[in-house]
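**Student:**
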Amino acid sequence: MKLLVAYYSRTNITKKLAERIAGEINADIEEIIPKVNYQGKIGYVRGGKDAISEKIVDLEGLKHDPADYDVVYIGSPVWASKAANPVISYLKANEGKFKNVKFFMTAGSSGFESSFEQMEKYSVKPLKTLALTTKQVKKDDYDLTEFLE
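Take any residue in the sequence shown, count from 1 to its spot, add 1: that is its number in the working numbering.
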């Protein structure tokens, strides 16, 4: 089975989780890189504003075509109770290419359900979802067994 982990991470929390998932399932990995700068304090504010408006942003070129994979694991941080714009932009750019997906999200504390629902609008119903707080990821305080089955 061909597996892909695609993710966006502004602060490397989602990246850490994505790399762990990819390592455990021997998957290819795709970092979603926006052409918009979301780094620093200004980027944080821009990200929240863009998330609320569900703005589609341009992305750097992708290495992997999701249509070539049996399951695509898609990871995003939560921004203003929504999925990060680069992830929504990735989903929109690849509409109709996903056979099966699993979503994973990281957040300070909340906003997971609305973010998963938003991601599903641009994709297919996920086989499974995983919601972890920043604290859980930083401390490696989670178990991926059920999510990876």
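For each residue, glycine too, the CB sits at the ideal point set by N, CA and C.
So for Ile33, helix, strand or coil by DSSP?
**Tutor:** On the sequence shown, residue 33 is found 32 positions in, with the first residue counted as 1. Ile33 falls in the coil class under three-state DSSP.
**Student:** How about Val138 and Ile14: do their beta carbons lie closer than 8 Å?
**Tutor:** In the sequence shown, counting from the first residue as 1, residue 138 sits at position 137. In the sequence shown, counting from the first residue as 1, residue 14 sits at position 13. Taking 8 Å as the Cβ cut-off, Val138 and Ile14 qualify as a contacting pair.
**Student:** How many angstroms separate the CA atom of His65 from the CA atom of Ile43?
**Tutor:** In the sequence shown, counting from the first residue as 1, residue 65 sits at position 64. In the sequence shown, counting from the first residue as 1, residue 43 sits at position 42. Between His65 and Ile43, the C-alpha separation is close to 30 Å.
**Student:** How about Lys16 and Ala52: are their beta carbons less than 8 Å apart?
**Tutor:** The count along the sequence shown starts at 1 and reaches residue 16 at position 15. The count along the sequence shown starts at 1 and reaches residue 52 at position 51. The answer is no: Cβ separation not under 8 Å.
**Student:** Would you mind sorting Val46 into buried or exposed? The rule is 16 or more other CB atoms within 10 Å of its CB.
**Tutor:** Position 45 of the sequence shown, counting from 1, holds the residue named residue 46. Exposed, by the Cβ-count rule.
**Student:** Answer yes if the region 95-112 comes into contact with the region 67-86, meaning at least three C-beta pairs across the two stretches below 8 Å, and no otherwise.
**Tutor:** Contact holds: three or more Cβ-Cβ distances are below 8 Å.
**Student:** Cβ atoms of Val6 and Gly62: under 8 Å apart, would you say?
**Tutor:** Your numbering for residue 62 matches position 61 in the sequence shown. Your numbering for residue 6 matches position 5 in the sequence shown. No, they are not a contact pair.
**Student:** Let me confirm a value: Thr134 is counted as buried when at least 16 other C-beta atoms fall within 10 Å, else exposed. Which label applies?
**Tutor:** Here residue 134 is taken as the residue at index 133 of the sequence shown, counted from 1. That one is buried.
**Student:** Buried or exposed: which applies to Glu31, given that a residue is buried once 16 or more other Cβ atoms fall within 10 Å of its Cβ?
**Tutor:** Reading the sequence shown from its first residue, position 30 is the one you call residue 31. So Glu31 counts as buried.
**Student:** Consult DSSP for Leu133 and reduce its assignment to one of helix, strand or coil.
**Tutor:** By one-based count along the sequence shown, residue 133 stands at place 132. Looking at Leu133 - three-state DSSP - the assignment turns out to be strand.
**Student:** Give a yes or no on whether the C-beta atoms belonging to Ser124 and Leu149 are separated by under 8 Å.
**Tutor:** The count along the sequence shown starts at 1 and reaches residue 124 at position 123. The count along the sequence shown starts at 1 and reaches residue 149 at position 148. Cβ distance not < 8 Å, so Ser124 and Leu149 don't count as in contact.
**Student:** Helix, strand or coil: which one does DSSP assign to Lys122?
**Tutor:** The residue labelled residue 122 in the question sits at position 121 within the sequence shown. In the structure shown, Lys122 sits in a helix (DSSP, three-state: H, G or I).
**Student:** Which of the three DSSP states is assigned to Thr107 in this structure?
**Tutor:** Here the question's residue 107 lines up with position 106 in the sequence shown. Correct three-state label for Thr107: strand.
**Student:** Identify the continuous alpha helix (DSSP H) that holds Glu45 and give its terminal residues.
**Tutor:** Here residue 45 refers to the residue found at position 44 of the sequence shown. It should be pointed out that residue 45 corresponds to Tyr in this sequence rather than to Glu. Tyr45 -> alpha helix (DSSP H) spans 41-54.
**Student:** Near Ala68, what residues of its chain come up, given a Cβ to Cβ distance below 6 Å and the 5 sequence neighbours on each side ignored?
**Tutor:** Counting from 1 along the sequence shown, the entry for residue 68 is found at position 67. Excluding positions up to five away in sequence, the list reads Lys98.
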